[in-house]
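Since the structure comes first, as structure tokens, the remarks are kept for the end.
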Amino acid sequence: MLIGIIVIIAVTGYTVYIVVRQLIKKCKVEDTPLRLLNERYVQGEINEEEYNQKYSFLTNRSRS
1 MLIGIIVIIA
11 VTGYTVYIVV
21 RQLIKKCKVE
31 DTPLRLLNER
41 YVQGEINEEE
51 YNQKYSFLTN
61 RSRS
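Be aware that the sequence shown starts at 1, since it is given in UniProt numbering, and climbs by one per residue.
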């Protein structure tokens, strides 16, 4: 009897763990345009002038 209860609790706990883990994966932040822009600048793919132009465009666009 006790072993059956322990098995049920273990299976329920494992199921909750799997569901929560899947929900966390879905909620992770995707690459936003600003994040991608920052990464490109840091990696040297774009210069400061390009960065400032694109940053200005993205921040002005998101406010309207």
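We put the CB at the ideal spot given by N, CA and C, even for glycine.
- In this structure Leu37 is not in contact with Tyr14, their Cβ atoms being roughly 41 angstroms apart against a cut-off of 8 angstroms.
- For Asn38, the uninterrupted alpha helix (DSSP H) segment begins and ends at Pro33 to Val42.
- Around Leu58, the same chain offers Pro33, Leu34 and Leu37 as residues with beta carbons nearer than 8 angstroms, after the five sequence neighbours per side are excluded.
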